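**Q** Numbering follows UniProt numbering, in which position 36 of the sequence shown is assigned residue number 44; successive positions increment by one, without gaps.
For each residue, glycine too, the CB sits at the ideal point set by N, CA and C.
Values in this document were obtained by computation on a predicted structure and should not be read as measured data.
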Amino acid sequence: TGDGYQAWLGYRRIPSSDLREQYLPYNRIMIEEHAERDVIIQAAIAELIRGLEGMLGQAPAVLSSCEQSPCVALGIFGSSAVIDGAIQEGTSSKVCEEGYVIRTDNLTGCIVIGAVSSVGILYGVFHLLRLLSTGADVDGLDILENPVNQLRMVNQWDNIDGSIERGYAGKSIFYADNKITSDLERIRDYARLLASSGINAISMNNVNVHKYETMLITPEYLPDVARVADIFRAYGIKLFLSVNYASPLEIGGLTTADPLEPTVREWWRNVASDVYAAIPDFGGFLVKADSENRPGPFTYGRNHAEGANMLAEALEPYSGIVIWRCFVYNCKQDWRDRKTDRARAAYDHFKPLDGQFKENVILQVKNGPIDFQVREPVSPLIGAMPATNQVIEFQITQEYTGQQRHVCYLVPQWKEVLDFDTHIKGEGSTVKRIVDGSLHGSRYSGFAAVSNIGDDANWTGHLLAQANLYGYGRLAWNPELSSEQIAEEWIRMSFGGESDLVDAILRLLMDSWGIYEAYTAPLGVGFMVSPNHHYGPDVEGYEYSMWGTYHFADWQGVGVDRTQATGTGYTTQYTGANFDVYESLDTCPDNLLLFFHHVPYTHVLHSGKTVIQHIYDTHFEGAERAAELRDRWAKLADRMDEGLHQQVADRLAEQAEHAKEWRDRINTYFYRRCGIADEQGREIY
Ligand code: GCW
């Protein structure tokens, strides 16, 4: 139906009779009896039944032996003759814990899905369903997949009152009225969506841990948390909780939360014991400490390593991990102070602590040094701590990229970050090799990202924002996938596979980030959004505030001087060639110019345009192209379910209008500041 609830798991009937005929013989599932007791295998079978029935129009039989070939046979290596017989010598040893093989057995014609664990089978089933629902040829399959990244996590910023910090798709599906929801079906469907894209971990409450959420680690809430963990477990997803660093004070009856205080350490050890009694495979704690007014070890004169290690010690006996966020900066800055640079903060705080964190601590570093802007350089902290585990943090929820009212397909942005060469160990030290753990041989590594879902019928508010959730998971599984390939999979699964339709939606998604960037803050300078809610333009909204996000526009020029020569020295946090590239005006890329340099409006970009003319041009073009998105979508009206079409049409209409507001505010602001006219004489107010 047209509400988008099924997202990319709609398993629509396959329209082509040729394809249906090719697939129909596989409408039989073989699984050995002993395996059926495993909850993950049960989830895999249920999904396969649902998928095959949806696509082929009849429910598949589930058999315990494969007398009637062909079939789809599922099994663990070494425990199923059908599976072992179908895969080649030596193949099974190449498959890791979460990996799988999908292979068409030439003799029997069966498609076998083999793995070393049940979660591998689940991922293999989702892969096969993806092949079928994107209309792939399934003759002669020979696939071996292992996830590239170990931790593939989403962070919910959900509060127990049902609100979601930076949520743009309704209320929480996890909580209502200060309780964990009893609507576990919706959570199960979320788990299906996550697992189908490759996600294997979730933290279920906001990193800003408020009063009631602080108690999620207590016996009062743990039984309900455990019920949620049960659901995710069946989909191979580990549950984490965000914890309040001041818990010993707030709920423990202690007078301190000093990490070196024995009573505090003991208190956390008891918490860990309670949590693991309720959830034996609990993932661990996610911590935002000494950040944006949250409590942390600084209160007691301790550093982040001391703070994190104390929690790590409590979780260690259970193999739990501490994920410690590096989003630490002075949020009480005086805007008059030109020396303090928020971009420097994470590196300045954490880099000196390299090697001091326990093995089961992971630092979670935002992709950029400021805060999920449409354009930022890569955080120089990523990879700069070779002796410390790190995961990268992305923001799927579109806080600064249109709040799911504007379309902004973020996979291309994430890929640019992942492909960035840090030069930390010489050429080829790309971010993706840091976060997959290979560059520094890290014990733990991977991806985390802030989720973009809520209880809106279509999960993400903007239907096209589903592509970001799907794409994030796929990229976390394999960062080598292209943005186009990921988008195409999502489109085919969500809208069907007619090639001109796929192509039209694909181009729309691929254009969207550039368009959003064009009509919002220019040349990497960031912000210019309305304070607090961060939606819409307010050029000086943060200019005289304490948040450290300034653009320093005056009558002569604009931008932040972060050079070593004359500025804050942020550029020195980059290694080798990257330092040189950013330090010099001659080599700094145009799209980051104002992030690194303060320049006159008449400064000529590599593109040949002056800064001011670039601002005018991109803002006029950006708004025009936003209107074109609306018109391009309108042409697809009779090509898909009416409900789905209408939802997107409404959002694109709003975007086109709102882009004009951005255009006019920004152009007018700069025109009034500098008095330089637009070369093309377009209307500026
Ligand atoms: O982007 C900022 C958001 C805050 C958020 C913070 C963080 C959860 O505006 O809402 O708080 O980042 O990442 O901790």
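Measuring only the C-alpha atoms, how far is I259 from T222?
**A** Between I259 and T222, the C-alpha separation is close to 8 Å.
**Q** Mark W563 as exposed unless 16 or more other C-beta atoms lie within 10 angstroms of its C-beta, in which case mark it buried.
**A** W563 should be labelled exposed.
**Q** Measure the CB-CB distance between A199 and Y243 and report whether it falls below 9 Å.
**A** For A199 and Y243, yes; Cβs fall inside 9 Å.
**Q** If distances are taken between C-alpha atoms only, which option among G10, L82, W16, R58 comes closest to E41?
**A** Measuring from the Cα of E41, the nearest candidate turns out to be L82.
**Q** Going by the DSSP bridge assignment, what does S453 pair with across the sheet?
**A** Q398.
**Q** Given R28, which residues of its chain have a CB within under 7 Å of its CB, disregarding the five upstream and five downstream residues?
**A** So the qualifying residues of the chain are I22, L64.
**Q** Count the other C-beta atoms from every protein chain shown that fall within 10 angstroms of the C-beta of M38, then say buried if there are 16 or more, exposed otherwise.
**A** Burial call: buried.
**Q** Determine the closest residue to Y34 out of V103, Y176, R45, V133, with distance taken between C-alpha atoms.
**A** Y34 has its Cα closest to that of V133, out of V103, Y176, R45, V133.
**Q** Just how far apart, CA to CA, sit P231 and D92?
**A** Each residue's alpha carbon lies about 40 Å from the other.
**Q** Cβ of W332 versus every heavy atom of ligand 1: is any distance shorter than 8 Å?
**A** No, ligand 1 has no heavy atom inside 8 Å of this Cβ.
**Q** For the candidate residues K374, G328, Y284, K366, whose alpha-carbon lies nearest to that of K296?
**A** Checking every option, the nearest Cα to that of K296 belongs to K374.
**Q** L514 and E492 - do their beta-carbons sit closer together than 9 Å?
**A** In this structure, L514 lies closer than 9 Å to E492 by Cβ.
**Q** Considering only the alpha carbon of each residue, which of E632, H653, R633 lies closest to A642?
**A** Nearest of E632, H653, R633 to A642, Cα basis: H653.
**Q** Going by the C-beta, is R28 closer than 8 Å to any heavy atom of ligand 1?
**A** False, no ligand heavy atom lies under 8 Å from that Cβ.
**Q** How big is the Cα-Cα spacing for V217 and A209?
**A** In a straight line, the C-alpha of V217 is about 19 Å away from that of A209.
**Q** Taking the continuous beta strand (DSSP E) assigned at D150, which residues delimit it?
**A** It spans 150-153 - the beta strand (DSSP E) in which D150 sits, taken as one unbroken run.
**Q** Got a sec? Which residues, its chain only, sit under 7 Å from A51 by beta carbon, not counting five neighbours each side?
**A** For A51, where only same-chain residues beyond five positions count, the Cβ hits under 7 Å are L130, A242, Y243.
**Q** Under 8 Å: do the stretch 169-187 and the stretch 455-471 share three or more Cβ pairs, one atom per stretch?
**A** Touching, yes.
**Q** Taking N397 and S453 to be in contact with their CB atoms under 8 Å, please state how far apart those CB atoms are, rounded to whole angstroms.
**A** Indeed, because the Cβ distance is near 6 Å, the residues count as touching under 8 Å.
**Q** Which same chain residues, not among the five before or five after S615, have their C-beta less than 8 Å away from its C-beta?
**A** Closer than 8 Å at the Cβ level, and outside the excluded window around S615, lie D598, H622.
**Q** Counting C-beta neighbours from all protein chains within 10 Å, is the total for D113 16 or more, i.e. buried, or is it exposed?
**A** Answer is buried; the Cβ neighbour count reaches 16.
**Q** Are the beta-carbon atoms belonging to Q341 and G556 less than 9 Å from one another?
**A** The answer is yes: Cβ separation under 9 Å.
**Q** Looking at the unbroken alpha helix (DSSP H) that takes in F134, where does it start and where does it end?
**A** Taken as a continuous stretch (DSSP letters only), the alpha helix (DSSP H) holding F134 covers 126-141.
**Q** Using only the alpha-carbon positions, how far apart do A254 and L262 sit?
**A** Each residue's Cα considered, the two are about 10 Å apart.
**Q** Report yes if the C-beta of K374 is less than 8 Å from at least one heavy atom of ligand 1; otherwise report no.
**A** Answer for K374: yes, Cβ within range of ligand 1.
**Q** Would you be able to state if there are at least three C-beta pairs under 8 Å between the stretch 581-591 and the stretch 418-438?
**A** Taking 8 Å as the limit for Cβ pairs, the verdict is that the stretch 581-591 does touch the stretch 418-438.
**Q** Should the stretch 400-419 be regarded as contacting the stretch 357-369, the criterion being three or more beta carbon pairs within less than 8 Å?
**A** No: the two stretches stay apart, fewer than three of their Cβ pairs being nearer than 8 Å.
**Q** Flag this pair as yes or no: are the beta carbons of A634 and A657 separated by less than 9 Å?
**A** It is not a contact, given that the beta carbons lie outside the stated cut-off.
**Q** Per DSSP, I121 is paired with what?
**A** Answer is L82, I110.
**Q** Alpha helix (DSSP H) containing W521: first to last residue?
**A** Segment 507-527, the alpha helix (DSSP H) holding W521.
**Q** How is Q30 classed by DSSP in three states: helix, strand or coil?
**A** Reduced to three states, the DSSP call for Q30 is helix.
**Q** Is the stretch 496-513 touching the stretch 339-358 in the sense that three or more CB pairs, one from each, lie closer than 8 Å?
**A** Not touching, per the Cβ criterion.
**Q** Tell me whether the beta-carbon of A456 lies closer than 9 Å to the beta-carbon of E401.
**A** Cβ atoms of A456 and E401: closer than 9 Å.
**Q** When you compare the stretch 479-496 with the stretch 149-167, are there three or more beta-carbon pairs, one atom per stretch, that lie closer than 8 Å?
**A** Yes, the stretch 479-496 touches the stretch 149-167.
**Q** My guess is that Q372 and W332 are in contact by the Cβ rule of under 8 Å, so how many angstroms apart are they, rounded?
**A** 7 Å between Cβ atoms; contact.
**Q** If you follow the beta strand (DSSP E) that N163 is part of, which residue opens it and which one closes it?
**A** Its beta strand (DSSP E) spans residues 159-163.
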